[in-house]
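Structure record follows, encoded as structure tokens.
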Amino acid sequence: MNEKPASLWQRLFGDSVRAFGVISVVFLLSIAIAPAKNFFSEWRHYQRGYLKTIRNRSDANTLQRHFAGGIQQVWLPELGVVDRCTSCHVGLKEAGLSDVPTQPYRTHPPIPHKLDQFGCTTCHRGQGAATTVAESHRSTLAWEQPILPAKYIESSCGQCHRGQLAGTPQLNQGRALLARQGCLHCHTVKLPDGSTLKATDDPPSLSHIADKTSREWIFAWLKDPQAYASTSTMPNFKLSDDDARDISAFLIANSSPLPGDTVNVPAKASADPAAGASLYGESFCASCHAVQNAAGNIVGGDVGPELTRVGTKVKPEWLQAWLRNPRAYNPATGMPHYRFNDGQVAMLAGFLQGKADSDFLSNVHLDTATPEQVAHGKRLVSDYGCASCHEIAGIRKPENFAPELSRIGSKPVTQLIFLSGMQHTLPDYIAGKIKNPRAFSPGLKMPQYTFTPQQIDALTTALLSLNERSYTLPSSLAVPGRVETDYQPAGKAGKLMTDLACFSCHRINGHGSDMAPDLTWEGSSVQRDWLVQFFKNPGTLRPALIRRMPRFNLTDGEVNELADYIMTVYQSPKVDRDSMPLGGYSQGQIELGRQLFYGKYSCQGCHIVDTKTDKGYIGPTLTHVGSRLTAAWIYEWMRNPQSLRPGTVEPNRAMNDEDARALTAFLISQKGGEKSSRSSKAANSNSHAREVAKR
Amino acid sequence: MKVYIAFLLGFVMLGTSCSRKSASAPGPTPTAVGAAIVESSGGKQFAQTGSLLPQPLIVQVNDAQGTAIPGALVEFAAPPGVTLDPPSALSDSSGQVTTNVSLGGMAGRYQITAFTLDKSHNKVELKLEEIALGYRQTLGRRLNDQYCDRCHNSESTVERVSNYDNLEVKPHPFSEKATLSKLTDADLNAIITNGGPALQKSALMPAWGNTLSKSEIQALIAYIRAVSDPPSRDSGPLYSETGH
């Protein structure tokens with residue numbers, strides 16, 4: 008047995024010639040490794056495949072000419088990009104290859120940016136410098152950056168674009184959820200420009216909660232907020248019965264009464280239960296508050312809390328005081344002070360009190376709280392960080408209660424703890440954490456939300472956009488979002504506007520909400536008489552619309568105060584409302600305008616001037632537009648509507664001066680004709696209401 | 314040498330992992346067999362590339378008489394990049410199986426196949442299509458919702474009342490292949506930019522060229538092409554399990 012290897016040795020290295028020969032062969036082979044490795048490299052394989060793919064195409068010559076073999080690279084030092092992806096993805100820039108069904112040879116789908124401008128990894132992540140599929144796409148060899156799954160791709164847009172983008176609905180939704188669902192109360196998010204993301208929800212103060220509700224309700228709510236209102240943004244802390252009992256004990260014991268926030272209105276609730284419902288409707292409460300209907304659908308706005316079971320929650324005396332003037336209990340509330348009279352307060356309170364669900368509290372039986380329970384409740388309130396969201400007397404708002412998320416989108420995988428069965432990637436970690444936070448460790452305090460899978464994807468997208476790269480990209484690339492100003496109107500009118508919570512629906516000078524029209528230039532737009540009438544009687548019933556301007560029962564003095572302020576202060580530099588007369592246009596011009604209206608511009612597709620013939624109702628009704636708008640505003644609107652109201656759906660027709668003047672003459676002559684003044688008022692306000700609903 | 318071997322090995326492994334067919338997971342054991350499989354809901358939905366469809370896909374197993382069969386095993390198959398959760402399941406008490414579908418990363422149509430075995434172990438299958446919208450189509454969809462839908466879609470929602478019935482000349486829904494596929498991209502561009510008269514059509518179709526940018530109009534055209542039903546030549550690739 009020992010003979011054989013010995014003889015093999017003899018044969019190969021028996022004499023010096025043989026030894027030299029064999030060693031040379033081995034040597035040559037090992038030198039050949041490098042070129043062979045190169046020859047067999049993946050990118051060459053793909054480039055050969057590409058050439059084969061294009062060979063028989065009609066545009067083969069052009070493609071062939073564009074093709075450059077060898078390693079390709081996009082190098083953008085200021086972005087930190089060294090991307091060799093185009094070595095295999097050869098066809099990305101070839102518009103002609105959009106009919107190739109898959110990568111690596113297909114054209115890049117159209118996007119607003121150029122490949123040479125941003126490279127590949129700025130959006131897709133992955134290892135730009137790698138030249139094999141495994142190393143560039145996956146995180147082999149301990150590379151940190153795998154390719155970003157397609158469903159989160161919008162997160163990369165968010166690295167530079169801080170505001171809403173039309174083409175990124177998922178990112179927009181995720182950011183809105185982040186702000187609205189309370190995440191930002193506990194987690195700080197700083198942006199590279201130094202600003203901090205702000206929450207848009209407004210959790211109530213709990214310092215006077217005993218005036219408002221019972222300990223039983225607090226207990227049941229803590230146990231399951233969504234059982235009370237499915238739309239509630241309060242998450243579930245998965246409290247034990249004992250813990251919920253003790254927290255409710257503490258909150259009640261800690262609550263101090265607030266003078267004036269409970270009253271007993273002398274008037275009796277109306278005997279007619281429908282009266283409360285119709286007052287609720289006429290006051291357009293549903294513009295902000297939702298109620299679940301018999302079919303289980305949530306109907307109404309989401310500005311204020313859902314009211315499906317409100318009668319189970321609030322104390323009657325508190326509710327009456329709240330309806331009479333919500334600012335007595337919460338000076339910062341977004342709810343308008345409606346100036347209801349006692350009869351109306353009683354009627355509405357009776358109606359709302361009827362929205363009760365006896366099941367919600369039927370199983371809650373709490374004994375009188377002991378001092379130990381109250382003390383334990385207080386500890387729990389601190390432990391769970393309740394004061395991050397709610398003002399609670401005697402408890403300080405904790406700083407940085409939860410980890411900062413400013414760079415969560417590039418947290419190294421090595422620092423993450425995964426659940427078994429989970430893919431070891433950052434997006435999966437983030438999504439898993441949002442879906443079921445406590446699963447990661449029983450001691451964690453993050454509460455349980457009830458997000459849908461789409462919402463989780465959207466939130467994950469928004470969080471992935473908060474990453475290291477967004478900090479290192481040149482700040483000149485950043486596209487800031489719309490900045491909310493802290494504009495406050497001045498003087499008496501200003502106080503009145505705060506009291507009426509105008510900014511809960513309208514935006515003025517960059518402050519407020521988008522639910523109703525922006526009023527920044529309202530003084531140039533409308534006629535004062537119309538405005539006064541509108542304040543007095545804004546509402547006519549039109550069941551198809553949910554959102555409308557409510558009637559606030561203002562006094563004549565208040566109406567004049569507001570009208571004066573709006574007419575003087577809210578003027579557009581583009582429109583001098585006195586530059587064109589409100590009448591006296593020639594019949595010929597008016598007639599020309601009519602022809603343009605019904606012919607060339609076919610405005611009747613969206614607007615009604617003559618209720619007998621016109622039907623369009625995308626835009627406001629124009630039957631009385633001549634007594635509502637100023638001529639100068641109409642003229643400017645004809646010329647360029649977006650310059651007056653960015654984003655309006657009215658198409659810009661780039662009208663010449665002659666057409667715009669004729670249409671202005673025609674429209675300003677629409678003053679409601681021979682109808683009685685009462686109905687004209689109603690129709691006027693109706694048209695404004697449509698406008699409100701439209702935007 | 315080691316490097317070389319490792320490299321070769323890696324290459325071979327990569328090759329095999331690429332060519333490996335996504336084996337369907339061994340599902341639960343069926344307690345019944347059906348004879349047919351039909352769609353309950355969830356076909357022809359739109360989602361952004363890579364994203365979950367808004368509604369789950371629900372199919373139903375029936376016997377030869379059309380009665381629902383509970384306990385039959387349904388497996389779903391889809392082209393690479395699509396995820397199905399779950400990929401297979403037994404039909405519930407009403408004969409239905411529900412799965413959540415995330416589409417692949419490329420814009421286009423994705424064919425999802427649901428199949429079950431009948432009593433002689435033959436495959437009965439149902440093919441459904443779902444549509445993935447890329448960046449451009451997604452932007453187009455947004456613009457359509459904002460500017461066009463109220464005239465071009467005859468259905469009303471609570472938030473948005475349709476204007477379709479009020480129009481003297483009726484526009485067509487963008488999914489209507491018979492009308493839209495007759496118009497070239499240049500035609501679409503002309504009518505959207507310059508209004509109905511550009512194609513000798515009604516001026517009730519406004520001109521959008523001063524309101525929307527060129528790329529926004531391109532996005533609208535991409536969206537109009539993507540929603541064509543049945544799909545037109547310009548609707549983008551069809552991805553199916555067996556290739557394209």
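Protein sequence lines, in the order shown, are assigned to chains R and Y. To convert a position in the first sequence, counted from 1, into the numbering used here, add 7. To convert a position in the second sequence, counted from 1, into the numbering used here, add 313. For each residue, glycine too, the CB sits at the ideal point set by N, CA and C.
Would you tell me roughly how many angstroms separate the C-alpha atoms of V486(R) and H168(R), rounded to the nearest one?
By one-based count along the first sequence, residue 486(R) stands at place 479. By one-based count along the first sequence, residue 168(R) stands at place 161. Distance between the alpha carbons of V486(R) and H168(R) is about 5 Å.
Where the beta strand (DSSP E) containing K436(Y) begins and where it ends:
One-based indexing of the second sequence puts residue 436(Y) at position 123. Looking at the DSSP string, the run of the beta strand (DSSP E) that includes K436(Y) is K436 to L446.
Using a C-beta to C-beta distance shorter than 7 Å, which residues of chain R count as neighbours of N479(Y)?
Here the question's residue 479(Y) lines up with position 166 in the second sequence. K622, G623 and Y624, listed in chain order.
Any C-beta of chain R sitting closer than 7 Å to the C-beta of A390(Y)?
On the second sequence, residue 390(Y) is found 77 positions in, with the first residue counted as 1. Not closer than 7 Å to any Cβ of chain R, the Cβ of A390(Y) fails to qualify, so no.
Mind the definition here: the region 341 to 348 of chain Y touches the region 377 to 387 of chain Y only if three or more C-beta pairs lie below 8 Å; say whether that holds.
Cβ pair count under 8 Å is three or more, so yes.
Beta-carbon separation (whole angstroms), Y219(R) vs K362(R), contact threshold 8 Å
On the first sequence, residue 219(R) is found 212 positions in, with the first residue counted as 1. On the first sequence, residue 362(R) is found 355 positions in, with the first residue counted as 1. The question names Tyr, but residue 219(R) is Lys in the sequence shown. About 16 Å separates the two Cβ atoms, so there is no contact after all.
Nearest to Y336(R) (by Cα), restricted to the options P211(R), F358(R), A382(R) and N370(R):
By one-based count along the first sequence, residue 336(R) stands at place 329. Minimum Cα distance to Y336(R) is reached at P211(R).
What runs of the beta strand (DSSP E), each 3 residues or longer, lie entirely inside the region 106 to 180 of chain R?
Taking only runs of at least 3 residues, no beta strand (DSSP E) segment lies wholly in the region 106 to 180 of chain R.
List the residues of chain Y whose Cβ lies closer than 9 Å to the Cβ of I118(R), in chain order.
Within the first sequence, residue 118(R) is the residue found at index 111, counting from 1. Here the neighbours are G447, Y448 and R449.
Interface residues of chain R facing N413(Y) [CB-CB closer than 8 Å]:
The residue labelled residue 413(Y) in the question sits at position 100 within the second sequence. Going along chain R in sequence order, the residues near N413(Y) (Cβ under 8 Å) are P460.
Given that R455(Y) touches chain R, what residues does it touch there, using C-beta distances under 8 Å?
Here residue 455(Y) corresponds to residue number 142 of the second sequence, with the count starting at 1. For R455(Y), the residues of chain R that pass the 8 Å Cβ criterion are A173, G174 and P176, in the order they occur in the chain.
Rounded to the nearest angstrom, what separates T672(R) and R535(R) at their Cα positions?
Position 665 of the first sequence, counted from the first residue, corresponds to residue 672(R). Position 528 of the first sequence, counted from the first residue, corresponds to residue 535(R). The residue you asked about is not Thr; residue 672(R) is Ala in the sequence shown. A672(R) and R535(R) have their C-alpha atoms spaced approximately 20 Å apart.
What span of residues does the beta strand (DSSP E) with L397(Y) cover, start to end?
To locate residue 397(Y), count along the second sequence from 1; it is residue 84. Start and end: T396 to D398.
Note down the Cα distance separating A293(R) from G428(R), rounded to an integer number of angstroms.
As a working note, residue 293(R) is residue 286 in the first sequence. As a working note, residue 428(R) is residue 421 in the first sequence. Within the model, the alpha-carbon separation for A293(R) versus G428(R) is close to 45 Å.
Three-way DSSP call (helix, strand, coil) for G361(R) in this model:
Taking the first residue of the first sequence as position 1, residue 361(R) is located at position 354. Looking at G361(R) - three-state DSSP - the assignment turns out to be coil, as it is neither helix nor strand.
To the nearest whole angstrom, what separates the beta carbons of L155(R) and S163(R), a pair I think is in contact under 8 Å?
Counting from 1 along the first sequence, the entry for residue 155(R) is found at position 148. Counting from 1 along the first sequence, the entry for residue 163(R) is found at position 156. Your pair L155(R) and S163(R) checks out as a contact, with CB atoms roughly 7 Å apart and the cut at 8 Å.
I425(Y) by DSSP, collapsed to three states: which one?
Position 112 of the second sequence, counted from the first residue, corresponds to residue 425(Y). Residue state, collapsed to three classes: strand.
Below 8 Å on the Cβ atoms is my contact criterion, and I expect L213(R) with E398(R) to pass it. Report the Cβ-Cβ distance as a whole number of Å.
Locating residue 213(R) in the first sequence gives position 206, counting from the first residue. Locating residue 398(R) in the first sequence gives position 391, counting from the first residue. Right, their Cβ atoms sit about 7 Å apart.
Touch check for the region 462 to 478 of chain R and the region 512 to 531 of chain R: three-plus C-beta pairs under 8 Å?
No contact exists between the region 462 to 478 of chain R and the region 512 to 531 of chain R.
Below 8 Å, how does it come out for the region 438 to 445 of chain R and the region 503 to 513 of chain R: are there three or more Cβ pairs, yes or no?
Verdict: no, contact absent.
Separation of C130(R) from I515(R), as counted between CA atoms:
Locating residue 515(R) in the first sequence gives position 508, where the first residue counts as 1. Locating residue 130(R) in the first sequence gives position 123, where the first residue counts as 1. Using only the alpha carbons, I get a separation of about 36 Å.
Run through chain R and tell me which residues come within less than 8 Å of R463(Y), C-beta to C-beta.
Against the second sequence, residue 463(Y) aligns to sequence position 150. I625, listed in chain order.
Restricting to Cα atoms, I'd like to know which of Q540(R), E568(R) and G439(R) is closest to K499(R).
The count along the first sequence starts at 1 and reaches residue 499(R) at position 492. For K499(R), the closest alpha carbon among the candidates Q540(R), E568(R) and G439(R) is that of E568(R).
Residues of chain R with a CB under 7 Å from the CB of T362(Y): which are they?
The count along the second sequence starts at 1 and reaches residue 362(Y) at position 49. Taking a Cβ-Cβ threshold of 7 Å, the residues of chain R close to T362(Y) are A157, in chain order.
If distances are taken between C-alpha atoms only, which option among L484(R), P557(R) and H513(R) comes closest to F125(R)?
Within the first sequence, numbered from 1, the residue matching residue 125(R) stands at position 118. L484(R) is the residue among L484(R), P557(R) and H513(R) whose C-alpha sits nearest the C-alpha of F125(R).
Interfacial residues, the region 519 to 531 of chain Y to chain R, with Cβ spacing under 9 Å:
Along the region 519 to 531 of chain Y, the positions whose C-beta sits under 9 Å from a C-beta of chain R are P519, A520, W521, G522, N523, T524, L525, S528, E529 and Q531, read in chain order.
Whole-angstrom distance between A427(Y) and P399(Y), CA atom to CA atom:
The sequence position of residue 399(Y) within the second sequence is 86, counting from 1. The sequence position of residue 427(Y) within the second sequence is 114, counting from 1. When rounded, the distance between both Cα atoms is 12 Å.
Unbroken stretches of the alpha helix (DSSP H), 4 residues or longer, contained in the region 199 to 237 of chain R
216 to 219, 222 to 230 and 232 to 235, all fully within the region 199 to 237 of chain R.
Looking at C-alpha atoms only, which residue of V381(R), F408(R), D248(R) and N407(R) is the closest neighbour of S262(R)?
Residue mapping note: residue 262(R) aligns to position 255 of the first sequence, counting from 1. The candidate whose alpha carbon is nearest that of S262(R) is V381(R).
Please report the residue range of the alpha helix (DSSP H) in which V388(R) lies.
Position 381 of the first sequence, counting from 1, holds the residue named residue 388(R). Segment P378 to D390, the alpha helix (DSSP H) holding V388(R).
By the criterion of Cβ-Cβ separation under 9 Å, what are the contact partners of E435(R) in chain Y?
As a position in the first sequence, residue 435(R) is number 428, starting the count at 1. Contrary to the premise, residue 435(R) reads as Asp rather than Glu in this sequence. For a Cβ distance threshold of 9 Å, nothing in chain Y lies close to D435(R): the least Cβ distance comes to about 12 Å.
G283(R) and L355(R): beta carbons closer than 7 Å?
If you number the first sequence from 1, residue 283(R) lands on position 276. If you number the first sequence from 1, residue 355(R) lands on position 348. Yes.
Contacting residues, own chain, Cβ-Cβ under 7 Å from M342(R) (five flanking each side not counted):
Here residue 342(R) is taken as the residue at index 335 of the first sequence, counted from 1. So the qualifying residues of the chain are G311, P333 and A508.
Could you give the DSSP three-state label for E388(Y): helix, strand or coil?
Numbered from its first residue, the second sequence carries residue 388(Y) at position 75. Reduced to three states, the DSSP call for E388(Y) is strand.
Could you say if the region 624 to 642 of chain R and the region 498 to 518 of chain Y meet the contact criterion of at least three C-beta pairs nearer than 8 Å?
No: fewer than three Cβ pairs fall under 8 Å.
By Cβ distance, which residues of its chain are closer than 8 Å to R25(R), with the 5 residues on each side in sequence left out?
Counting from 1 along the first sequence, the entry for residue 25(R) is found at position 18. Counting only Cβ-Cβ distances below 8 Å, and skipping sequence neighbours, we find R18 and L19.
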